Amino acid sequence: MSSKLTAIELLEKNQHFIEKPSKLWIVKVFALAIIFSIGLYALVLQLIEGHIITGMRDNVVWGVYIVNFVFVLGLSYAGALLAGIFHLGRVVWAVPLQRVLKLLTVFTLIIAPFFILLCIGRPERLFNLFIYPRIQSPIIWDVIAIVTDLIFCVVYLYFTYIKDFALLRDRSVDLAMAPWRRKIYTFFALGYQNTEEQRKFLNQALDIMAAIIIPTSIIAYSLLAWLFGMNLKVGWHSSILGPFFVLSAVYSGIAALIIIMWSYRKTEKLENVFTDSHFNILGYALLILSLFYGYFYFSDYVTEWYNLQNTPNMLWEKYFDLSQYGIAFYSSILMVTILPAIIIGIPWFRNVNSIAFTSLLVLIGLWIRRYLMIVPVLETPYLPIHQDIRQDWVLYSATWVEWALTIAGGALFILLFVIASRIAPILPISEMVEKAGESRFVFSFKGKKKLSTEEI
Amino acid sequence: MKTRYITSSIVLFLIIFCAAALDVKSNVNAQEKQASKLRIYYEKLPDNDLKISVILIKGKGKDMVGIENAEIFLTALGEEEELPLTSIFTDVNGEADLYIESGFVFPKNEKGFAVVNALYNGNDSLESSDKKVKFKDLNVDVSFDIVDSVKHITVFAYEVDSVGEKTPVEEIGFKIGVERLHSTLYLEEVETDDEGIAYMEFPNDIPGDSLGNITVIVFAEEKKYGTVTKAIVSDWGTIVDFSITSNGRSLFGDEAPLWMTISIFVILIGAWFHFIFAGFKVYKMSKSITKVDAN
Amino acid sequence: MKEEKDQPQEDSGRRNFLKMSLLAGGATMTGAGLIAAAANGDSSGEKIKVLTTDGKVIEVDKPNGACKINPCDPPNGEEARHGVPGRSFVMVIDLAKCNNARKCIEGCQKGHDLLPDQEWMKVYLMKPNPESDPYWFPKNCFHCDNPPCVKVCPVGATFKRTDNAVLVDADRCIGCKFCVSACPYSARIVNWIDTPNYSGKDPNYSPETSVPSQHGIVGKCDFCVDRSREGKLPYCAGSCPMGVIYYGDRNEDSVTNGEETLRFSQLIKDRAAFRYLEELGTAPNVYYLPPTERIFPYERGLENISEEKRKADLKSISKK
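Protein chains in written order, with this note's numbering: chain A, 65 to 520; chain B, 476 to 770; chain C, 4 to 323.
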């Protein structure tokens, strides 16, 4: 569908981002900014009074902040992974989703480190991480991975914008853009004139970046999984953790992608671009992943259940006991495995809105899963901490500070997307109109110097 | 008959009344002043210096507590004379010491014992108390021999009388041990025979310092002689390695294992090389416009 | 029974004497007399009275027999990462004697300026299997030879020394609390609350004394190496009325609880000592002597704690 229109026509269809912001947009930004500032207030309070105002204590030293960190970082790596795979695999139907996917990657990657910083007792000493690093520590691996990934993803995102910036620069007079926009687009387009040589260089660069983004994101998320895996606590000390995390990251990434697509479909009226069949395909992917996830989860439990060791058993009893974590546990299984299978598996239920709704449930369920993976495990050490009479030392309950900062993180995420839609089109217009496979191959094929475009 | 009964009962009554009154009076007196207790100990230190230690306490059992800043008068009592030594003040625990240089001659009583008396005069709330300690000077010679490649420690205990003659002392229990960082590790308890000699076989596996030096402690506690300690440095200990200064390359050490450092560098260099390569391509792209323009 | 209770009290005076005489003995060990030793200038600041041979009474500085390992000043910074040479500190806890007096906890808190909430030494009621009798289990940091906490510290704020002590450098710790979650023995705590004693860069601070600590970072038992430099036992070992905690040097093959000194290797063999959760591979340096032939039934330990704590303890072991 998109190839039937030229780039200019596509741009004209989506040119409202150039105009003055609508009232609705301003209200949205304002509301999000207020929510964010409540979080800022909570942050200042925490910096002054220390972590005692959170729910974290000696046993559960990692609470909602780390849950958010793992969750948000999962979205990021999934975005990078999917973007890289779609790009290298020359998946045509996925081209309109590329920009949203990359924005998801970068925005979550910006927000995630802040949640880690909230968990640090002495944030003013963070530079010690760079002065005295110990490379035996999983945290240093994670720092290296996140810094590397952040730089790679931001640069990759920027590279994908170059062609569109060039297009916007060339169309600035016709579309009556403000002069500051023209200046920005000219500068960031880096002089791209869509000549063949330039196209070749840029496509080579994009292919290389896509190629390194995939292993970087897989390794980086495995390193995050090993933050928990390289730990003697029951529930964490398991070899399934690496693959499990990568899988749940991809799962959450697809769910997030669906939700973002659905919101943009509504706000920017992009039914012809984020079409029903896109939702269909992604819905299938969601279904398959939910079944995979259920399989991983079940095999993790069944192998532990069969052995019935003391402390792991104590942990699993907490999950099944309705008075402890049972409600969260059962509802998360429902939201993550059962409901997607029903809603997406049965054609009668399947439509765009229901798929988006399922994705939202999946995200909530996965967040609860992350919480259940972190907090009850910390509450179940080898030693009998229940002999402590201070209840908040034994059981964790997040305070308003932590919830405020969580919601502020979510608000910031949405805010970034709202602002991004005003800078450049949400659709990768230049990529969409390019013929599939056109001058894209970097890797030569044995036997032939270069595959021609018709052979794809 | 009747009058006798009445008289005797009156007298009895008076006696009981007086006794009760006296009893009450003495109780009242006793409540006014608390009893204090003095303990005094004599020690002979390794260098033949002496030490007289005093504790002044009040109360019993759990309520026992030392009396602070009390003046204790020490006097050496001889057969006829009294030699005031000095007064010492107790510290916060109720303890006070007087060190006496070796060679100080104590006046002896008729049995040949030196007697030191500690006296506390009491104050408004505490009764006075005093305590004596009687002691004789015990000399201990310690010698180290190796007989048939078995290490022996020989302890010779004797008294020296005024003429300078040595009289061996028998049935003195000695504890022989080595000095350790926090305490003394006693290896064996031996008793002197009628020649005043005790033997101990010294084990071969007592750790020493980096040169194998140990300090052997010979300790005796007898009522007659007080506490006698001797300390001799010997090289009969095994050598302990003092040269280890680091944990080496390990997961928990300061430096990571070599393979870890190398792997991380290889991975990082690999990833960043490709990144810089891609950036280079974009740079070339931005520069290629000049070629077109030139054309 | 009453005598048993009285005994430690009565003996404490005597014990002090023995310790003190050894101290003075240590000073004169070199061969110099008291006055000469004092003249060496190594004084502790206190004065002692000496009666000279000619009958005069003089006051000299008390020779500082206290410093057994030079330097006596606990080091800071890079030097603190090197252990005391030739030492390998180790602790042995006799579970047969512990009756939950909790004096070890109080002693440690007093010695390290801790809040009543902060326990570097904890005492649990443990019931290893359904048939056994519960016993009281004092647990501090085990200063493992394969410490999970040191492995995961990103900045090296906690470090393992050659003298076995695992210490925390309060100046470097960023408070990420990874070590707290990594320790399988729950030995580490976090300084959640800011107290007036927590200060910034203090010239007197040393990781060996751990005082003054700082807000937002991690703290734990430090094996009281600064006390060992003076030949004193750690606060916990010195405070225990039952003599449960033995402390010493494996290289010297000697541990003491203040009253009796034993050969470490012999004690471990004779009493079949074990290490807690040995299977985890952490190689702890605190050994436990099994609670056989106990002096008291474990219920004694329930007497001097609050009702709430008693309930919590009994509930926790009733699950087994």
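In this text, a Cβ means the ideal position worked out from N, Cα and C, and glycines have one as well. Values in this document were obtained by computation on a predicted structure and should not be read as measured data.
Chain-ordered chain B contacts of residue 358/A [CB-CB under 8 Å]: By 1-based counting over the first sequence, the position of residue 358/A is 294. Those within 8 Å of residue 358/A in chain B number zero; the least Cβ separation is about 33 Å.
First and last residue of the alpha helix (DSSP H) that includes residue 344/A? Against the first sequence, residue 344/A aligns to sequence position 280. Residue 344/A -> alpha helix (DSSP H) spans 340–371.
Within 10 Å of its beta-carbon, does residue 131/A have 16 or more other beta-carbons around it, so buried, or fewer, so exposed? For the purposes of this step, residue 131/A is identified with residue 67 of the first sequence, where counting begins at 1. Label assigned to residue 131/A: buried.
Taking the alpha-carbon positions, what's the residue 716/B to residue 116/A distance? Translated into positions along the second sequence, residue 716/B becomes position 241. Translated into positions along the first sequence, residue 116/A becomes position 52. When rounded, the distance between both Cα atoms is 46 Å.
Please list, in chain order, the chain B residues whose beta carbon lies closer than 9 Å to that of residue 89/C. In the third sequence, counting from the first residue as 1, residue 89/C sits at position 86. Residues of chain B passing the Cβ test: 684, 685, 715, 716, 717, 718, 719.
Which value, in whole angstroms, describes the spacing of the CA atoms of residue 179/A and residue 129/A? Against the first sequence, residue 179/A aligns to sequence position 115. Against the first sequence, residue 129/A aligns to sequence position 65. About 5 Å.
Short check: CB of residue 634/B to CB of residue 642/B, under 8 Å? Counted from its first residue, the second sequence places residue 634/B at position 159. Counted from its first residue, the second sequence places residue 642/B at position 167. For residue 634/B and residue 642/B, yes; Cβs fall inside 8 Å.
Tell me, to the nearest whole angstrom, how far the beta carbon of residue 561/B is from that of residue 52/C; I am working on the premise that it is less than 8 Å. As a position in the second sequence, residue 561/B is number 86, starting the count at 1. As a position in the third sequence, residue 52/C is number 49, starting the count at 1. Rounded, the Cβ-Cβ distance is 6 Å, consistent with contact.
So, for residue 752/B: in the same chain, excluding its five sequence neighbours on each side, which residues have a beta-carbon less than 6 Å away from its beta-carbon? Residue mapping note: residue 752/B aligns to position 277 of the second sequence, counting from 1. Correct list: empty, nothing qualifies.
Near residue 692/B, which residues of its chain fall below 6 Å by C-beta distance, leaving aside the five closest residues on each side in sequence? For the purposes of this step, residue 692/B is identified with residue 217 of the second sequence, where counting begins at 1. Within the same chain, residue 692/B has close Cβ partners 652, 654, 659, 706.
Output yes or no for whether 8 Å exceeds the beta carbon distance between residue 120/A and residue 202/A. Here residue 120/A refers to the residue found at position 56 of the first sequence. Here residue 202/A refers to the residue found at position 138 of the first sequence. Contact: no.
Per-residue contacts from residue 744/B into chain A (C-beta, under 7 Å): For this step, residue 744/B is matched to residue 269 along the second sequence. In chain order: nothing, as chain A lies at least about 12 Å away.
Between residue 141/A and the rest of its own chain, which residues show a CB-CB distance below 7 Å, the 5 nearest in sequence each way excluded? Locating residue 141/A in the first sequence gives position 77, where the first residue counts as 1. Answer for residue 141/A: 281, 284, 285, 313, listed in chain order.
Which of the residues in the region 170–194 of chain C, read from start to end, lie with their CB under 9 Å from any CB of chain B? none
DSSP three-state assignment for residue 13/C, whether helix, strand or coil: Here the question's residue 13/C lines up with position 10 in the third sequence. Because the pLDDT at residue 13/C is just 35, under 50, the model does not fix this residue reliably, and the value given afterwards should be weighed accordingly. Residue state, collapsed to three classes: helix.
Please go through the region 85–150 of chain C and give each complete alpha helix (DSSP H) segment of 4 or more residues, from N-terminal end onward. 106–114
For the beta strand (DSSP E) holding residue 527/B, just list the boundary residues, first then last. Locating residue 527/B in the second sequence gives position 52, counting from the first residue. Start and end: 525–533.
Between the beta-carbon of residue 685/B and the beta-carbon of residue 714/B, is there less than 8 Å? The residue you call residue 685/B lines up with position 210 of the second sequence. The residue you call residue 714/B lines up with position 239 of the second sequence. Yes, they are a contact pair.
For a cutoff of 8 Å on Cβ pairs, would you count residue 759/B as touching chain A? Within the second sequence, the letter at position 284 stands for residue 759/B. At least one chain A Cβ lies under 8 Å of residue 759/B.
Contacts around residue 420/A, its chain only, beta-carbon distance under 7 Å, and the 5 residues preceding and following it disregarded: Position 356 of the first sequence, counted from the first residue, corresponds to residue 420/A. 322, 323, 326, listed in sequence order.
Determine the extent of the beta strand (DSSP E) in which residue 403/A is found, giving its start and end residues. For the purposes of this step, residue 403/A is identified with residue 339 of the first sequence, where counting begins at 1. Unbroken run through residue 403/A is the alpha helix (DSSP H), 403–409; no beta strand (DSSP E).
Cα-Cα separation between residue 157/C and residue 206/A, rounded to whole angstroms: Here residue 157/C is taken as the residue at index 154 of the third sequence, counted from 1. Here residue 206/A is taken as the residue at index 142 of the first sequence, counted from 1. The straight-line gap from Cα to Cα measures roughly 10 Å.
Can you round the beta-carbon distance between residue 508/B and residue 600/B to whole angstroms, since I take them to be within the 8 Å contact cut? Here residue 508/B refers to the residue found at position 33 of the second sequence. Here residue 600/B refers to the residue found at position 125 of the second sequence. Yes, they are in contact, since the Cβ atoms of residue 508/B and residue 600/B sit about 6 Å apart, within 8 Å.
Tell me the DSSP secondary structure of residue 306/C in three-state form. Along the third sequence, one-based indexing puts residue 306/C at 303. If DSSP states are grouped into helix, strand and coil, residue 306/C belongs with coil.
Best match in 230/A, 443/A, 495/A for proximity to residue 383/A [C-alpha to C-alpha]: In the first sequence, counting from the first residue as 1, residue 383/A sits at position 319. That would be 443/A, whose Cα lies nearest to the Cα of residue 383/A.
DSSP three-state call for residue 581/B: helix, strand or coil? In the second sequence, counting from the first residue as 1, residue 581/B sits at position 106. When secondary structure is reduced to three states using DSSP, residue 581/B falls in the coil class, being assigned neither helix nor strand.
Identify the continuous beta strand (DSSP E) that holds residue 252/C and give its terminal residues. For the purposes of this step, residue 252/C is taken as residue 249 along the third sequence, with counting starting at 1. Residues 248–252.
CB contact flag (residue 233/A, residue 250/A, <8 Å): The residue labelled residue 233/A in the question sits at position 169 within the first sequence. The residue labelled residue 250/A in the question sits at position 186 within the first sequence. The answer is yes: Cβ separation under 8 Å.
Let me know if residue 275/C comes out buried or exposed under the rule of 16 or more other beta-carbons within 10 Å of its beta-carbon. Position 272 of the third sequence holds residue 275/C. So residue 275/C ends up on the exposed side.
Starting from residue 511/B, follow the beta strand (DSSP E) in both directions and report where the run begins and ends. Within the second sequence, numbered from 1, the residue matching residue 511/B stands at position 36. 511–519 is the extent of the beta strand (DSSP E) around residue 511/B.
Using the Cα positions of residue 364/A and residue 441/A, report the straight-line distance between them to the nearest angstrom. Working through the first sequence from its first residue, we reach residue 364/A at position 300. Working through the first sequence from its first residue, we reach residue 441/A at position 377. So the alpha carbons of these two residues sit roughly 15 Å apart.
Residue 447/A and residue 301/C: beta carbons closer than 8 Å? Counted from its first residue, the first sequence places residue 447/A at position 383. Counted from its first residue, the third sequence places residue 301/C at position 298. Going by C-beta atoms, residue 447/A is not nearer than 8 Å to residue 301/C.
Looking at chain C, is there any beta carbon in it that lies within less than 8 Å of the beta carbon of residue 575/B? The sequence position of residue 575/B within the second sequence is 100, counting from 1. It does: the Cβ of residue 575/B has a partner Cβ on chain C nearer than 8 Å.
Residue 592/B lies in the beta strand (DSSP E); which residues open and close that run? Here residue 592/B is taken as the residue at index 117 of the second sequence, counted from 1. Per DSSP, residue 592/B belongs to the beta strand (DSSP E) from 589–595.
At a Cβ cut of 9 Å, what residues of the region 636–658 of chain B count as close to chain C, listed as they run along the chain? 652, 653, 654, 655, 656, 657, 658
Status (buried if at least 16 other CB within 10 Å, exposed otherwise) for residue 59/C: The residue you call residue 59/C lines up with position 56 of the third sequence. Its Cβ having fewer than 16 others within 10 Å, residue 59/C is exposed.
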